[in-house]
Amino acid sequence: MFYTTADGHPFEHNPLTAIVSPRPIAWISTRSADGVDNLAPHSLYNLTAYAPPQLMFSSTMTKPDQTRGKDTLANIEATGVFAISTTEYAAREAVNASSGGFAKDVDEFAAVGIAKAECRTIDCPFVADAPATFECRLDRVIDLPGQQNYVVLGFIEAVHLRDDCIVDGRFEVKTYKPLARLGYLDFAFVGDTFEMPRPG
Ligand SMILES: Cc1cc2nc3c(=O)[nH]c(=O)nc-3n(C[C@H](O)[C@H](O)[C@H](O)COP(=O)(O)O)c2cc1C
3 MFYTTADGHP
13 FEHNPLTAIV
23 SPRPIAWIST
33 RSADGVDNLA
43 PHSLYNLTAY
53 APPQLMFSST
63 MTKPDQTRGK
73 DTLANIEATG
83 VFAISTTEYA
93 AREAVNASSG
103 GFAKDVDEFA
113 AVGIAKAECR
123 TIDCPFVADA
133 PATFECRLDR
143 VIDLPGQQNY
153 VVLGFIEAVH
163 LRDDCIVDGR
173 FEVKTYKPLA
183 RLGYLDFAFV
193 GDTFEMPRPG
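In our numbering, the protein residues as written are 3 to 202.
Structure representation (structure tokens):
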């Protein structure tokens, strides 16, 4: 089967996100200029560099009470900071619930019932029980072609690790089952892992 993206796919649903699977889910927390805390999952997310540590995520579309992107983007552009918590299978319902279409004056931590903690290096909340959290400072927002498509680039300034996830000096993913997004309505978690030595 072959199609060009200009002509379009022949399916009922776009296979794009199923093709780029699995994707880690970043639980992104921010604080608005008015002091309203915000939390939303993003799977268009990854590390971009090690030194200094940097990451990216993409925000697509906007919402009725914003003109540029969603609450997450608006808050980051207003404050220059954000936190990213890793997600786990045990938190899957809360992760999904926090993606609901909440108005910008609604705190998703409170609305969904997610425990909140305060970042140490930035003025921003984060998911208290998450396996790991990055405290991040905005590098830049890149406006992408199309309507309301943005890439957010940031620096990782501090890292929180949950104590029970540290085993024998490693941050051990097998302790918490990382949650991942596939295509359509599908999710997955990391269960089995294996080691493979690098070629010389
Ligand atoms: C698992 C999952 C992954 C998502 N990934 C993204 C994403 O990468 N980018 C995006 O713009 N929206 C993504 N969404 C949708 C946002 O979470 C949703 O639009 C949310 O309401 C945005 O909240 P905000 O307005 O508080 O920023 C995702 C939703 C779910 C459930």
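Using N, Cα and C, we set each Cβ at its ideal position, and we do this for glycine too.
Which term fits residue i, buried or exposed, when burial requires 16 or more other beta carbons within 10 angstroms of its beta carbon?
{"i": "Glu-90", "result": "buried"}
{"i": "Thr-88", "result": "buried"}
{"i": "Thr-74", "result": "buried"}
{"i": "Gly-103", "result": "exposed"}
{"i": "Arg-200", "result": "exposed"}
{"i": "Tyr-186", "result": "exposed"}
{"i": "Val-83", "result": "buried"}
{"i": "Gly-10", "result": "exposed"}
{"i": "Val-196", "result": "First, the amino acid is wrong: residue 196 is Phe here, not Val. Classification for Phe-196: exposed."}
{"i": "Asn-16", "result": "exposed"}
{"i": "Val-161", "result": "exposed"}
{"i": "Glu-95", "result": "exposed"}
{"i": "Pro-147", "result": "exposed"}
Between which two residues does the beta strand (DSSP E) harbouring residue i extend?
{"i": "Val-108", "result": "First-last for Val-108: undefined, no H or E at that position."}
{"i": "Val-83", "result": "83-88"}
{"i": "Glu-95", "result": "No beta strand (DSSP E) contains Glu-95, which is instead part of the alpha helix (DSSP H) from 94-99."}
{"i": "Glu-197", "result": "Here Glu-197 belongs to no beta strand (DSSP E), and DSSP marks it neither H nor E."}
{"i": "Lys-118", "result": "118-120"}
{"i": "Pro-66", "result": "Looking at the DSSP string, Pro-66 is not in any beta strand (DSSP E), and its letter there is neither H nor E."}
{"i": "Pro-127", "result": "127-129"}
Contact check, residue i vs residue j under 8 angstroms by CB: the rounded distance?
{"i": "Val-129", "j": "Ser-31", "result": "7 angstroms"}
{"i": "Thr-123", "j": "Glu-159", "result": "5 angstroms"}
{"i": "Ile-252", "j": "Ala-28", "result": "No answer is possible for residue 252: the residues shown for the chain start at 3 and end at 202."}
{"i": "Ala-35", "j": "Ala-80", "result": "4 angstroms"}
{"i": "Gln-68", "j": "Gly-156", "result": "Not confirmed; about 20 angstroms, so no contact."}
(request) Go through the region 5-64 residue by residue and report every complete run of the beta strand (DSSP E) that reaches 3 residues or more, in order. (result) If only complete runs of 3 or more residues are kept, the region 5-64 shows the beta strand (DSSP E) at 28-33, 39-44, 47-51 and 56-62, in order along the chain.
(request) Would you mind listing the beta strand (DSSP E) stretches within the region 140-188 that are 3+ residues and don't spill past its ends, in chain order? (result) Those beta strand (DSSP E) runs which fall completely within the region 140-188 and span 3+ residues are 151-163 and 181-183.
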